[in-house]
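Sequential numbering from 0 applies to the sequence shown in numbering that gives the first Met the number 0.
A virtual CB, placed ideally from N, CA and C, is assigned to each residue, including glycine.
Given the structure is predicted, the values throughout are model-derived calculations rather than measurements.
Heads up: the structure comes next, in structure tokens.
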Amino acid sequence: MTTDREHVVVGRVSGIYGVKGWVKVFSYTEPRENILKYSPWMVCRGGQWRPLALKMGRRQGSGIIAHLEGYDDRDQARALMGADIAVRRDQLADAGPGEYYWVDLIGLRVKTLQGEDLGRVDHLLETGANDVLVVRGKEEILIPYVRDDVVTGIDLEAGVMTVDWEVSE
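Written out as structure tokens, the structure reads:
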């Protein structure tokens with residue numbers, strides 16, 4: 000999920016916690032508590048992104064809870080329900096050689112080894128065994144993100160991903 004190329008969505012506000020303005024957070028980071036390493040968070044409400052400083056946060060059971068600057072009661076926190084949480088791209092560590100953030104892959108044109116255009120990467124799914132590319136073109140195609148075996152090349156500058164994939168007619 001992206002907001003633009005300068006911001007990366009890393010989670011969403013999934014609920015409220017207690018009466019002092021704390022919120023429950025569904026984190027997309029791995030491990031989940033890594034979302035607490037970033038501040039400020041960019042939070043989207045009503046189509047507007049605004050920075051919010053993270054005052055405190057911690058793991059609570061299997062989830063994450065956080066207290067954001069300016070949200071000190073349950074009613075204020077309720078206004079954040081469902082909001083996406085993004086961070087500035089420059090807050091993220093550089094991906095290593097041959098590694099990519101999902102946000103870098105979204106929007107790439109996907110072509111087979113034979114040059115057939117399959118469409119663009121719409122999003123990725125985490126399945127446990129390996130991630131899966133959701134490619135939208137004439138139809139939706141699910142392609143396992145297996146480097147070197149299925150995904151044979153990624154050229155971010157050209158905006159192209161090459162895959163060893165046969166489309167069934």
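Candidates the options: closest to residue i by CA position
| i | options | result |
| --- | --- | --- |
| LYS19 | PRO39, LYS54 and TYR144 | LYS54 |
| VAL189 | GLU165, GLU125 and VAL102 | There is simply no residue 189 to check, as the chain begins at 0 and stops at 168 in what is shown. |
| ARG135 | LEU117, ASP74 and GLN47 | LEU117 |
| LEU141 | ASP121, ILE153, ARG57 and ASP147 | ASP121 |
| VAL231 | LYS137, ARG146 and GLY106 | An answer regarding residue 231 cannot be provided, because it is not within the stretch 0 to 168 covered by the chain. |
| VAL145 | ARG58, THR126 and TYR27 | THR126 |
| PRO30 | ASP74, GLU5, ARG57 and GLY17 | ARG57 |
| VAL109 | ALA157, GLY14 and ARG88 | ALA157 |
| HIS6 | ASP89, ASP130 and GLU115 | ASP89 |
| GLU98 | GLY152, VAL42 and PHE25 | GLY152 |
| ASP130 | VAL149, ASP72, TYR70 and GLY114 | VAL149 |
| LEU91 | SER38, TRP164, ASP154 and LEU155 | SER38 |
| PRO143 | LEU155, ASP154 and TRP164 | TRP164 |
| THR174 | VAL42, TYR100, TYR70 and ASP74 | The structure shown does not extend to residue 174, since the chain is modelled only from 0 through 168, so no value can be given for it. |
Whole-number beta carbon distance between residue j and residue i, since they are thought to touch under 8 Å
| i | j | result |
| --- | --- | --- |
| TRP40 | VAL86 | 7 Å |
| LEU51 | GLU32 | Their Cβ separation, rounded to whole angstroms, is 18 Å, which puts LEU51 and GLU32 out of contact at 8 Å. |
| LEU35 | ILE63 | 7 Å |
| LEU107 | VAL162 | LEU107 to VAL162, Cβ: 10 Å. No contact. |
| VAL24 | ALA65 | 5 Å |
| MET80 | GLY14 | 7 Å |
Assigned exposure category for residue i - 16 Cβ within 10 Å defines buried
| i | result |
| --- | --- |
| LEU124 | exposed |
| ASP83 | buried |
| LEU112 | exposed |
| ARG11 | buried |
| ALA128 | exposed |
| ALA76 | buried |
| SER61 | exposed |
| LEU132 | buried |
Residue i - partner residues in DSSP beta bridges
| i | result |
| --- | --- |
| THR85 | Looking at the sequence shown, residue 85 is not Thr but Ala. Note: ALA85 sits in a beta bridge opposite VAL8 and MET41. |
| ARG108 | ARG119 and VAL159 |
| TRP48 | CYS43 |
key: beta strand (DSSP E) segments (min. 3 residues) lying fully within the segment 50-81   = The qualifying runs are 53-59 and 62-67.
query = Unbroken beta strand (DSSP E) runs of length 3 or more, entirely within the segment 124-163: which are they?
reply = If we require 3 residues or more, the beta strand (DSSP E) runs fully inside the segment 124-163 come out as 130-135, 139-143, 150-154 and 159-162.
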